[in-house]
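Reviewing the structure listed below.
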Ligand code: NAD
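Numbering (this note's numbering), first residue to last: 1 to 425.
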């Protein structure tokens, strides 16, 4: 049964609504498989708390702009809510709700004691100066202050935010508390209690599950990566370091292709200098969305939701898709890929490395102690590999796709927590 929840966003159908519909569809399938009753399904389909705020920002020229911000706590039955904050012009309440829901299943799937949350501000960060961005971040945090805290809800970076954003959030929260509270956010700079290994954690997790799913030596494996931001660029780097040949990458401005393989370190330096992959000298330019149709072994979407659709899925030639992004594949595309025998390692498993090391950062902050890079990486690897093993074996036992199996495990653990806690009052 597919669950239907009334939209908070009016028609027409927005990308955010599509993401929420996908998340509800996946929840519906897992609930059917688990035989959950209607009441519990409704509990799981609806966020516990959603906050919409107006964020006034004084621009450098004196003008006052007001943008919308959101924070959604989808579920807190297994622990504090956890999830990133996104700065993107098209983010809306539906998108943030979908992303929060995926966080809930992800944390349960990899066995960390968190619920799911997400935040967003509908703004294009590259149109603001650093000072404007700082004012916007601090005011947004002030608006969502009652919801967040190290025992309540812990933000982290996502699209359009980074460790500087996390530093401002930590500072704003701490100034309001009257003392330093490093555990209120993860993905912080090392100087403020960040964890070794956090910056590359999501990409490291993508690499770990991609190599496990390939089931063969990475030598000669060809790869295309969509999105060259925090997740995509380091995923490309780590896969290339493992021996794969990364033949194409894209970002919002375009794509580049080299059939003999891209020098990812050199390309990252180019992007650091110019701001985009476009114009990179040692590769051919490619139409941005043609990247999906290349004849490669592995495709890593690492940009935004809803990019693999019924429209392009029939032309995808990759044998394996590892979802670095959240929600890149629509349910219709998923069915097409399953019918064509394409293996898809789903987002809630493939990109869980970020929240795993966020959890490790938070544990270190709560203990006021730090671990070595080797210790963090060992724990990340253990959690990723054991979650991958569980998903793979459940899928094989029950004839499910990896996405269905991952949701059955994640949703099942959250449902069990609800059943054990009972309903108050
Ligand atoms: P980011 O802002 O650092 O990078 C996003 C990248 O996507 C940029 O290179 C941008 O140019 C590119 N992009 C945007 N639209 C595109 C398009 N149409 N075609 C090609 N490229 C496009 O964001 P990020 O943190 O790397 O996040 C990427 C994805 O990974 C998101 O779905 C996010 O939710 C997910 N994710 C991030 C983390 C994390 O730790 N940052 C963890 C788990 C999941």
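Even glycine gets a Cβ: it sits at the ideal position worked out from N, Cα and C.
Determine, using beta carbons only, whether residue 172 and residue 135 come nearer to each other than 7 Å.
no
I'd like to check one pair, residue 346 with residue 403: are the Cβ atoms closer than 7 Å?
yes
Contact set for residue 113: own chain, Cβ-Cβ below 7 Å, skip 5 residues either direction
78, 79
Per DSSP, what are the beta-bridge partners of residue 257 in this structure?
248, 284
Would you call residue 42 buried or exposed, if buried means 16 or more other Cβ atoms sit within 10 Å of its Cβ?
exposed
My assumption, with CB atoms under 8 Å, is that residue 118 sits in contact with residue 96. Please give the rounded CB distance.
5 Å
CB-CB length for residue 323 against residue 350, believed under 8 Å:
5 Å
What residue from 383, 47, 295, 291 has the CA that sits closest to residue 250's CA?
291
Using three-state DSSP, classify residue 75 as helix, strand or coil.
strand
Pairwise C-alpha distance: residue 193 and residue 209
28 Å
Distance between residue 304 and residue 12 (C-alpha atoms, nearest Å)
20 Å
Residue 263 (DSSP reduced to helix, strand or coil):
coil
May I ask which residues mark the beginning and end of the beta strand (DSSP E) holding residue 459?
The first residue shown for the chain is 1 and the last is 425, placing residue 459 beyond what the model contains.
Per DSSP, residue 87 is paired with what?
121
What does residue 153 pair with, by DSSP beta-bridge criteria?
81, 149
Using the three-state DSSP reduction, which class does residue 321 fall into: helix, strand or coil?
strand
Is any non-hydrogen atom of ligand 1 found closer than 6 Å to the C-beta of residue 70, if you look at the structure I gave you?
no
In the region 184 to 255, which residue ranges form an unbroken beta strand (DSSP E) of at least 3 residues, counting only runs that do not cross its ends?
222 to 226, 245 to 251
Within 6 Å: the Cβ of residue 383 and any heavy atom of ligand 1?
no
Residue 354 CB to nearest heavy atom of ligand 1 below 6 Å
yes
Between residue 204 and residue 40, what straight-line distance do the alpha-carbon atoms span, to the nearest angstrom?
35 Å
If distances are taken between C-alpha atoms only, which option among 239, 195, 233 comes closest to residue 213?
239
7 Å CB neighbourhood of residue 176 in its chain, flanking five on each side removed:
145
On the three-state DSSP scale, how would you describe residue 56?
strand
Can you have a look at residue 90 and say buried or exposed, based on whether 16 or more other CB atoms are within 10 angstroms of its CB?
exposed
Between the region 177 to 188 and the region 354 to 367, can you find at least three pairs of beta-carbon atoms closer than 8 Å?
yes
Among 416, 425, 424, which residue has its Cα nearest to the Cα of residue 35?
416
With residue 316 and residue 337 assumed to form a contact (beta carbons below 8 Å), what rounded beta-carbon distance in angstroms separates them?
7 Å
Selection from 358, 128, 106 that minimises the alpha carbon distance to residue 87
128
Check each candidate in 425, 420, 412 and name the one with the smallest Cα separation from residue 30.
412
Excluding sequence positions up to five away, which residues of its chain have a Cβ less than 8 Å from the Cβ of residue 67?
54, 55, 57, 121, 122, 123, 136
Extent of the continuous alpha helix (DSSP H) to which residue 15 belongs:
15 to 34
Using 6 Å as the cut-off, classify the Cβ of residue 159 as near or not near the heavy atoms of ligand 1, replying yes or no.
yes
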